[in-house]
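Beneath this line is the structure, given in structure tokens, with notes to follow.
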Amino acid sequence: MPATCGSIGPMTEPVIATPLPDCPDIEQAFAMSWPVRLGDTDADDRLRLDAVARYLQDIGFDHLDAVADGDTHQAWIVRRTVIDVYEPIMFGDRVQLRRWADALSNRWCDMRIRLRGEKGGHIEAAAFLIHIDPVAGRPARMSDAFMAPMLASTTQHRLRWKAALTELDVADVEEVPFPLRVTDVDRLGHVNNAVYWEALEEALAAHPDRHRLPYRAIVEHVGPVMMGDKVVLRTSSHPDRLRVQLDVDGSARALATVTPIAVTGADVTDPELR
């Protein structure tokens, strides 16, 4: 497995592969498709990153309906999401999604998702998910029946968490408020994961050159954001990356980066080579 890219702190070992790991048997991955609607796209008809995050969430819950014990594994926390945009998916297209486990332990997993537009467009994503006991509110063991298909799709059965991003530690930072709305809160009482990607889209709007293809966007969660929190969006632009941080009361709650992807060897946008 290639092991480059991901971390941004000095002397920090990279923790995210580039490209993201492929599926051993893509035809066996869980598959869904749906049309790209108007509310998912921006003024240039591009599928927004927050819409991609919602797609990852939606196919995740659809996947639960298709596996054993899915009904008893309904509570999850997203620890990190990686979205690699090789070619944008556009309004009016139909997106094909495939989802499989890339690595797991008995309380969390790293799920891979491939998104392709029928008319073009290619996005690769990964989500580090923690299974939660909804009553106790802490990580809970997944059942053997639930883990069985994941264990079959990967040989990495001792997944451990390692942060890829670090907090902003520079003086040159842009700061703007990021007001929350009642519609941002999900059934767990937390601000929904897709909202963090809306904040990243706000930062990218001020730095549109960062949409130059292909690029990698990462959101890593440090702590929860709750309704009523006064959120500050902090952005720091560097020649090789855009760094973003969401703060509440001076404390970081989410970290994000956008960096270019250096494509080498085979063209990963070619479906015949992936």
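The opening position of the sequence shown corresponds to residue 613 in the working numbering, with each subsequent residue numbered one higher.
Built from N, CA and C at the ideal position, the CB exists for glycine as well.
Which residue from the options puts its Cα closest to that of residue i?
i, options, result
"Leu-676", "Asp-861, Arg-865 and Ala-757", "Ala-757"
"Ile-735", "Thr-684, His-769, Tyr-667 and Arg-691", "Tyr-667"
"Glu-639", "Leu-632, Ile-725 and Pro-700", "Ile-725"
"Gln-857", "Leu-777, Pro-872 and Arg-824", "Leu-777"
"Pro-872", "Pro-820, Asp-705 and Asp-674", "Pro-820"
"Pro-746", "His-685, Arg-691 and Glu-699", "His-685"
"Arg-706", "Gly-835, Pro-851, Asp-696 and Met-644", "Met-644"
"Leu-727", "Pro-700, His-769 and Ile-742", "Pro-700"
"Ile-744", "Ile-689, Asp-670, Gly-704 and Ala-818", "Ile-689"
If I measure Cβ to Cβ from residue i and keep anything under 7 Å in the same chain, skipping five residues before and after, which residues do I get?
i, result
"Val-860", "Val-837, Asp-841, Lys-842 and Val-843"
"Val-679", "Phe-758 and Pro-761"
"Trp-809", "Leu-661, Asp-662, Ala-665 and Val-831"
"Ile-742", "Trp-688, Ile-689, Arg-691, Arg-719, Trp-720 and Pro-751"
Let me see if you follow: with CB-CB separation under 8 Å, is residue i close to chain C or not?
i, result
"Leu-812", "The chain inventory of the structure shown lacks chain C, comprising one protein chain alone."
Skipping 5 residues on each side, what residues in its chain have a beta carbon closer than 6 Å to that of residue i?
i, result
"Leu-816", "Arg-822"
"Ser-765", "Trp-712 and Ala-713"
"Gly-682", "Leu-676"
"Phe-740", "Arg-691, Arg-692 and Asp-722"
"Ser-755", "Asp-681"
"Cys-635", "Ala-641 and Trp-712"
Residue i and residue j look like a contact to me (Cβ under 8 Å); what is the Cβ gap, rounded to whole Å?
i, j, result
"Val-785", "Ser-717", "Rounded, the Cβ-Cβ distance is 36 Å, inconsistent with contact."
"Arg-750", "Phe-642", "Rounded, the Cβ-Cβ distance is 27 Å, inconsistent with contact."
"Leu-661", "Asp-652", "Not a contact, Cβ separation roughly 11 Å."
"Ala-687", "Leu-771", "No, Ala-687 and Leu-771 are not in contact; Cβ-Cβ is about 19 Å, not under 8 Å."
"Thr-693", "Val-831", "5 Å"
"Glu-779", "Leu-854", "At roughly 15 Å, the Cβ-Cβ gap does not stay under 8 Å, so Glu-779 and Leu-854 are not in contact."
"Arg-691", "His-833", "6 Å"
Suppose the cutoff is 8 Å on Cβ atoms and the five residues either side in sequence are ignored; what does the same chain contact list for residue i look like?
i, result
"Asp-637", "Ser-765"
"Phe-790", "Ala-811, Glu-814, Val-843, Val-844, Leu-845 and Leu-858"
"Asp-796", "Val-803, Asn-804, Val-807 and Met-839"
"Met-702", "Val-648, Thr-653, Asp-657, Arg-658, Leu-659, Gly-729, Lys-731, Gly-732 and Gly-733"
"Leu-650", "Phe-703"
Do you know how far the Cα of residue j is from the Cα of residue i?
i, j, result
"Ser-863", "Arg-828", "25 Å"
"Thr-767", "Glu-814", "38 Å"
"Pro-633", "Ala-748", "33 Å"
"Val-803", "Leu-709", "25 Å"
"Arg-753", "Leu-800", "19 Å"
"Leu-825", "Gly-733", "11 Å"
"Ala-737", "Ala-783", "32 Å"
"Val-893", "Leu-763", "Lying before the first or after the last residue shown, residue 893 is absent from the chain, which here runs from 613 to 886."
"Asp-852", "Val-875", "15 Å"
"Ala-818", "Gln-669", "27 Å"
"Ala-655", "Arg-865", "29 Å"
Drop a sphere of 10 angstroms on the beta-carbon of residue i, count the other beta-carbons inside from all chains shown, and report buried for 16 or more, exposed for fewer.
i, result
"Trp-773", "exposed"
"Asp-696", "buried"
"Val-794", "exposed"
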